[in-house]
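The numbering of the sequence shown is my numbering, which starts it at 401 and goes up by one.
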Amino acid sequence: MAKIKKLRGRTGWYIDYRDHTGRRIIRKAGRTRREANHTLGQIMARVEEQRHKKRHGGETKVLARDVALPNVAKQYLRHVKATHADKPRTHECYRDSLADVLAFLAERGVVKVGQISTRALNEYREVRMTESRTIPYKHRGGQHERTLPPVGPRTVNRNVGALKTMLNWAAGDGDLIAANPIVSYKPLPVKKKRKVRRALTRKEKRVLLESSSEPFRSMWALMLGTGLRKNELVELTWADVDLDRGRLVVRSELAKNSEMAEIPLRRDLWALLADMYERRGTKHVFVNSMGRPWRNNLLLRFYRCLDEADIERKTPEGDVDMHSLRVTYGTDLVEAGVDPKTWQRLMRHKSARVALEFYAKVKERNLRPAVERIPLDLPGWEQTKSGNKVETPRAVKNAKRPARNHVSS
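Here it is in structure tokens:
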């Protein structure tokens, strides 16, 4: 396998590879690792062409410099759509990622595979992460413009990764080019900071539903009462609603674990959907004013509903977004006394570990009320409590705090 390395006592970066005959070659490729990486990509492309020519008696694949990127993208997306027929969202993600990075490269004259360089991809990273951009879009028959803010390293890595995956396919199963010129291009390092969400309180749930207008009130209520994920709610059709048995069907192509599942409906949500069914006029349960599913701007609408309900989006306990409604559903199940196995089935998690971790996290908040319920009858002390909120003992309230030592500057 080809490598990029430094040699002791020498300046610059060296590449270590084998040519089409199998002979090992170590040579200087640049002053920086970036230059060596670019040189190695070009050399390995030529080596692969020579190997293919040797294997097939003089016939070689089309040179990378002669292959148009839009043609490769068109064939690759056709391949993705065929191999992921049960996951339409996968095709959409690849399509959008490739469209973004290829449009940027085309603006700079990079329209063929052989013209791709690490310099162009580095420029793409820098521009996308530092500059806003305006894109056109159509709405209600008119042409409009939308300004998009700079993106983070995750988005850039996803888009460049889609390009790299496409070229790997083109050099392999696609049989379009001899080698991927950016096969050794590394993604940006990303700090994996897990987003912490909090559950809504009972009062917040009530205020959110009261202050939200339709169809958002019904959408939030269904998520709070079933634990549906955002995409599962958006793509919910009337064919997925079993009003005879009071159940929702989550199709395998929508489920996160790719398994079909049935969710029991509460009686109030059952009645709500039955009433909506009588007035239905579209295939999907929830649609916008254009009669289309709420695939765009739904999170923005949710934030507006939070503002109208005067619910803080960011608190020390965690953030509130649409997925917080699912977290609230899981929390309510635990506090209702549901056992971990039932919780796992209702939340549709494959791993029992996730169920136990969530269960323990919620139960940890109830540790103090639990120990307060143990009878002790300590003389001179009165055990007081108000619901689950334990009051601070009077002796602790009246106790004098020790004075803090202040250091004068």
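A virtual CB, placed ideally from N, CA and C, is assigned to each residue, including glycine. Predicted model, so just to flag it, every value in this text is computed and none were measured.
By how many angstroms is the C-alpha of residue j removed from the C-alpha of residue i?
i           : j           : result
residue 467 : residue 674 : 56 Å
residue 572 : residue 693 : 38 Å
residue 642 : residue 700 : 30 Å
residue 679 : residue 687 : 13 Å
residue 649 : residue 577 : 44 Å
residue 511 : residue 481 : 23 Å
residue 448 : residue 491 : 29 Å
residue 504 : residue 737 : 54 Å
residue 685 : residue 614 : 13 Å
residue 521 : residue 709 : 44 Å
residue 495 : residue 629 : 23 Å
residue 669 : residue 508 : 54 Å
residue 735 : residue 602 : 12 Å
residue 485 : residue 565 : 18 Å
residue 420 : residue 549 : 46 Å
residue 726 : residue 740 : 16 Å
residue 553 : residue 681 : 42 Å
residue 640 : residue 608 : 26 Å
residue 672 : residue 703 : 24 Å
residue 610 : residue 478 : 46 Å
residue 721 : residue 595 : 11 Å
residue 752 : residue 547 : 43 Å
residue 409 : residue 760 : 56 Å
residue 543 : residue 638 : 33 Å
residue 489 : residue 476 : 15 Å
residue 434 : residue 696 : 39 Å
residue 437 : residue 536 : 36 Å
residue 616 : residue 635 : 15 Å
residue 423 : residue 745 : 58 Å
Go ahead and pull the three-state DSSP assignment for residue i.
i           : result
residue 542 : strand
residue 420 : coil
residue 648 : strand
residue 682 : coil
residue 707 : helix
residue 581 : coil
residue 620 : helix
residue 431 : coil
residue 413 : strand
residue 486 : coil
residue 774 : coil
residue 630 : helix
residue 597 : strand
residue 643 : coil
residue 719 : strand
residue 667 : helix
residue 511 : coil
residue 796 : With a pLDDT of 47 at residue 796, under the threshold of 50, the modelled position of this residue cannot be trusted, and the question is left open.
residue 446 : helix
residue 698 : helix
residue 761 : helix
residue 672 : helix
residue 548 : strand
Is it true that the CB of residue j sits closer than 7 Å to the CB of residue i?
i           : j           : result
residue 621 : residue 472 : no
residue 662 : residue 652 : no
residue 627 : residue 747 : yes
residue 657 : residue 750 : yes
residue 606 : residue 724 : no
residue 667 : residue 625 : no
residue 405 : residue 414 : yes
residue 587 : residue 557 : yes
residue 633 : residue 728 : no
residue 581 : residue 430 : no
residue 501 : residue 567 : no
residue 545 : residue 534 : yes
residue 604 : residue 711 : yes
residue 618 : residue 705 : no
residue 551 : residue 519 : no
residue 444 : residue 402 : yes
residue 756 : residue 743 : no
residue 762 : residue 731 : yes
Starting from residue i, trace the alpha helix (DSSP H) both ways and give me its first and last residue.
i           : result
residue 603 : 602-611
residue 481 : 469-483
residue 519 : 518-530
residue 724 : 723-735
residue 564 : 553-571
residue 741 : 740-747
What residue range does the beta strand (DSSP E) around residue i cover?
i           : result
residue 662 : 661-664
residue 591 : It is not in any beta strand (DSSP E) - residue 591 carries neither H nor E in the DSSP assignment.
residue 403 : 403-405
Would you say the beta carbon of residue i comes nearer than 6 Å to a heavy atom of the ligand GTP?
i           : result
residue 722 : The ligand GTP is not among the ligands present in this structure, which contains no ligands whatsoever.
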